[in-house]
Structure formats: structure tokens, C-alpha cells
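Once you know that position 381 of the sequence shown is 380 in numbering that gives the first Met the number 0, the rest is easy, because the numbers rise by one and skip nothing.
Note that CB positions come from ideal geometry on N, CA and C, so glycine has one too.
These figures come from a predicted structure and were not determined experimentally.
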Amino acid sequence: MALLDTLQKEGDMLIAGGFEEDRIPEVLDEIFTEAIRRHSSDIHFKPLEDKLLVYFRIDGQMLPFKEFEKLYHHPIVARIKILSGLKIDEHRLPQDGKSTFAVDEKEVDLRVSVLPTSFGEKVVIRLLEKSPNLVSLSDLGMLPNILMKVQKHLQATYGMILAVGPTGSGKSTSLFSMISTFDATTKNISTLEDPIEYRIPNVTQTQINTEIGFDFSDGLRTLVRQDPDIIMVGEIRDQKTASLGIESALTGHLVFSTLHTNTAVGTITRLLNMNIDRYLITAAVKLIISQRLSRKICNFCREQYAIPKPYYDLIQTEVGINPENSFFYKSKGCEHCNKTGYKGRIGLFEVLELSPTIEEMIVSGKSDQEIEKQAVKEGMIPLRKDALYKAVTGDITIEEALRVMT
Ligand SMILES: [Zn+2]
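Rendered as C-alpha cells:
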């Protein structure tokens, strides 16, 4: 950080010395290095009337990183344009470019987007690690008995396992952590993705390209002719992909995919709405993992506090513990968490196993509420309970838990 600090302190003097042509590359290298070391997903270069602000997005939050005087704006944007193969003299139209950057033996793709604004060009750089560290299944944040349930279903040789939730809920991370439990040297594992986020050794990964008419269902039709054992379809978006996926799951393949639904039980309704036959759903689908991502409290500055009275009922009825002997947690921020109080993220889960009773209920057209009730009776932990449980064990704040529950 030495150079950036110098720039900040001696800004005026350095400007007078006309250093920027020489030193802007170094400044940018330091910004990229710092962003990557802090696991940022994006870097924002935001011009204002009189200055340029640099933000990092870390764990979903925008954090201010540095401020530059306005006259650095142009040289910085110009340098980024050179690095990413963009036109330097184009200032009126948006541009998209690409570059790569390596730090600590880690290679990162930089996806550069330039947008003209009233204060000049704004640049946002998405950072994509070429081979991000896969999160292992046991580190996703599943409670031990849930994890065992999932592991049991990974022994199957056919059937469908679904991860569901809104965008950004960690569905693909979960799928990859499951897929990486298999030995890819002895099994034919093939994926269809949009985009390819993780690269896994020995796994055949294919990028979907809807612009040229190559979608998930086309890819899936071809994949099943490639003698696969395990198939991952990035997302089930339409009836064609859903029915091909179900068919593959019933013909001796283990199929993993994701769907945009809010609850585990709601996924069945969603498949029914896609005109998939009830019998086929119950025959093919084995496990539905509904999930959310939550910011994890920093372990280094975490503090417990007594559960406030208004929460007593909720904790007693939902988690089934005595709130008087339990705590919530908060954190005020320290150097380990960039003063945010949060470090990393944790998954919140609701895992539905399709037991014979539940299969019967689906076939006979029982309501979501009835199925959910039965699932809870058979041991399913609803998402809201998992969230509250993680609030009393100190993984997340009660505010995060309530946010996820709504
Ligand atoms: Zn901290």
C-alpha cells in the first residue's frame, strides 16, 4: 500500500511533478492486488464532480477503498482501457473489455465495463478467479445431521438433486461442493454452465451460449449421448430442460441442477407448473436443498449479548431453547474484517428428502402446507429455524436471520 498512501498524502506535490504517466500502472497494480487479497468481487471507479472514488465489493457490500483527486481520473481510466483492449479515445459510448491479473500465484480474470456518466467514465471491474477455491461440502454451513442426509444421497447412482433459491444464494457453490466429492478420474462428470465459474480438474465443462442458440436443453440432449455418470445442468429455466433433466435422472444418471424457487416444497409445485408429471417428479427427484447466503459475524471481534425480551417467544417456539440461557451476537469491527464486523459468508439451508410418504402426498396432490408439515415431522429443518439457530450459535446476527426469514 506504500505508493497509494504516498499519493494520498502528497497528492498536490505529486501532481505538480507530473508523475501520473509513469506511476498510474503501479497504482492500479496495488488496487488490483489489494482487491484480490481482500476477496473482492468487484472494483468500482466512480467519478464525482471533483474526485474519483474507488470501492471494493466484498461479501456483497460496497466498501470505500480510496479517493483520488479528479485529475487522476483520466489517466487511470486510460490505463484500464489499455489493459483491457478498449478504445482510449472513445468517451461517449459504453465499452466492455477483458484482462487478466496475477497475484500470489492466483490468476484472476478482469471483466471491465466502462460507462459514460455526467462526471466522466465510470469503470466497474468484475474479478473472477480462474480457479477459485472450491468450498468443501462440510464447510458450507450445513448442520451435521443435514450434512449426513446430503452425503447419503450422493451415494446414489441415479436421480436428481436440486439446489434452489434466489440469485446469489450460493446454489452453484453448493452444487460444485457436492460434485467435487466424486472421483472425476473414474466417473464421467459433465457440466453445462452459464457462465463457467469454477474449473474442476477432470470434469468436462461446457459453456452455454444462448446467442448462437445453444441452450441448456440442447446441451443436455448432447450430453446424454456422451455416456455420462454425473450431469450438472447450471439452471432449469424451461419445460424442455426440466423434462430432459428428469428423463436423464431416470435413465441411470445422477443429475444436479438449480431452480429459482423460494422454498424446498415450492420446487415441486414449480416443476408441476412446468408440466412435469407427478409420478416422474417423485421417481426422479431425491433431494431438494433450498438455501440463502448470509454474512458471517467476524470471529475476532464477536461479542455476545442477552437475548432481548421481545425475542423470547420466537426463540422458544422456533428453536426450542430457553432464551434466558442463550445469547445473540454482534461485532463492532476490527482489522481482520476491514472494520465491517463480518467475515465471509455462511449458507442457511432447508433440505427436503422425498421420502415414500412425501412421494405419495405429491402424487395424490396434497398442498404445499401439508407436505411441508409432514417433511418437518420427518426431520426437515425449515430455513427460518436454521437462520435462528445460527443466530443463537453466533454465526450470524439476529438482524441477518430475520432478513433471510422474510
Ligand atoms: Zn472483526
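Query - Residue from 135, 46, 58, 211 whose Cα sits closest to the Cα of residue 68 - result: Out of 135, 46, 58, 211, 46 has the C-alpha closest to the C-alpha of residue 68.
Query raised in the report: Of the choices 245, 275, 298, 233, whose alpha-carbon is the least far from that of residue 258?
Result: The candidate whose alpha carbon is nearest that of residue 258 is 233.
Query raised in the report: Is residue 342 near ligand 1, going by C-beta to nearest heavy atom under 7 Å?
Result: Between ligand 1 and the CB of residue 342, the shortest heavy atom gap is smaller than 7 Å.
Requested in this report: Check whether the Cβ atoms of residue 266 and residue 287 lie closer than 8 Å to each other.
Outcome: Yes. Within cutoff.
Requested in this report: Buried or exposed for residue 11, please, with buried defined as at least 16 other CB atoms from any protein chain shown within 10 angstroms of its CB.
Outcome: Its pLDDT being 37, under 50, residue 11 is placed unreliably in this model, and the coordinates cannot settle the point.
Requested in this report: Confirm the yes/no value for this check: CB of residue 38, any heavy atom of ligand 1, distance under 7 Å.
Outcome: No - ligand 1 has no heavy atom lying nearer than 7 Å to the Cβ of residue 38.
Query raised in the report: Roughly how many angstroms separate the alpha carbons of residue 160 and residue 21, rounded to a whole number?
Result: Cα-Cα distance, rounded: 54 Å.
Report task. Classify residue 193 as helix, strand or coil using the three-state DSSP reduction. Result -> In the displayed model, residue 193 falls within coil according to three-state DSSP, outside both helix and strand.
Query raised in the report: Residues in its own chain within less than 7 Å of residue 278 by CB, not counting five upstream and five downstream?
Result: Only 362 meet the Cβ criterion.
Query - Exposure of residue 4, with buried meaning 16 or more beta-carbon neighbours within 10 Å - result: Note that residue 4 scores a pLDDT of 48, beneath 50, so its modelled location is shaky; the value from the coordinates is reported in the next line. Under this definition residue 4 is an exposed residue.
Query raised in the report: Would the C-beta of residue 59 count as close to ligand 1, meaning under 7 Å from any of its heavy atoms?
Result: No, ligand 1 has no heavy atom inside 7 Å of this Cβ.
Query raised in the report: The alpha helix (DSSP H) with residue 404 in it runs from where to where?
Result: Start and end: 397 to 404.
Query raised in the report: Which value, in whole angstroms, describes the spacing of the CA atoms of residue 373 and residue 336?
Result: Looking at the two C-alpha atoms, the distance is approximately 41 Å.
Query raised in the report: Which word fits residue 141, buried or exposed, when buried means at least 16 other C-beta atoms lie within 10 angstroms of its C-beta?
Result: With 16 or more other Cβ atoms from the protein chains shown falling within 10 Å of its own Cβ, residue 141 counts as buried.
Report task. Flag this pair as yes or no: are the beta carbons of residue 216 and residue 193 separated by less than 8 Å? Result -> Going by C-beta atoms, residue 216 is not nearer than 8 Å to residue 193.
Query raised in the report: Measuring CB to CB, does residue 252 end up less than 8 Å from residue 280?
Result: The Cβ atoms of residue 252 and residue 280 do not sit closer than 8 Å to each other.
Query raised in the report: What beta strand (DSSP E) runs, 3 residues minimum, are completely inside the segment 31 to 79?
Result: Here the runs fully enclosed are 39 to 46, 50 to 57, 60 to 68.
**Report entry** Cβ neighbour criterion (16 or more within 10 Å) applied to residue 101
**Finding:** Per the 10 Å Cβ criterion, exposed.
Query raised in the report: For residue 206, does the three-state DSSP call read helix, strand or coil?
Result: Residue 206 falls in the strand class under three-state DSSP.
Query raised in the report: Starting from residue 149 and walking both ways along the alpha helix (DSSP H), at which residues does that stretch end?
Result: Per DSSP, the continuous alpha helix (DSSP H) segment holding residue 149 begins and ends at 143 to 152.
Requested in this report: With DSSP as the reference, label residue 347 as helix, strand or coil.
Outcome: The answer is strand: DSSP assigns residue 347 an E or B state.
Query raised in the report: Thinking C-beta only, is residue 163 closer than 8 Å to residue 366?
Result: Taking the C-beta atoms as reference points, residue 163 is found no nearer than 8 Å to residue 366.
Requested in this report: Starting from the N-terminal end, write out each residue whose C-beta falls within a distance shorter than 5 Å of any non-hydrogen atom of ligand 1.
Outcome: My final list is 297, 299, 300, 333, 335, 336.
Query raised in the report: Given residue 349, which residues of its chain have a CB within under 6 Å of its CB, disregarding the five upstream and five downstream residues?
Result: Correct list, in chain order: 263, 289, 381, 382.
Query - Bounding residues of the beta strand (DSSP E) (the contiguous stretch that carries residue 121) - result: Going by DSSP, residue 121 is part of the beta strand (DSSP E) stretching over 119 to 128.
Requested in this report: Using DSSP bridges, identify the partner residues of residue 89.
Outcome: Residue 89 is not bridged to any residue.
Report task. Determine, using beta carbons only, whether residue 391 and residue 327 come nearer to each other than 8 Å. Result -> Yes, they are a contact pair.
Requested in this report: Assuming residue 122 and residue 79 form a contact by the criterion Cβ under 8 Å, report the distance between their Cβ atoms to the nearest whole angstrom.
Outcome: Between residue 122 and residue 79, the beta carbon gap of about 6 Å places them in contact (Cβ cut-off 8 Å).
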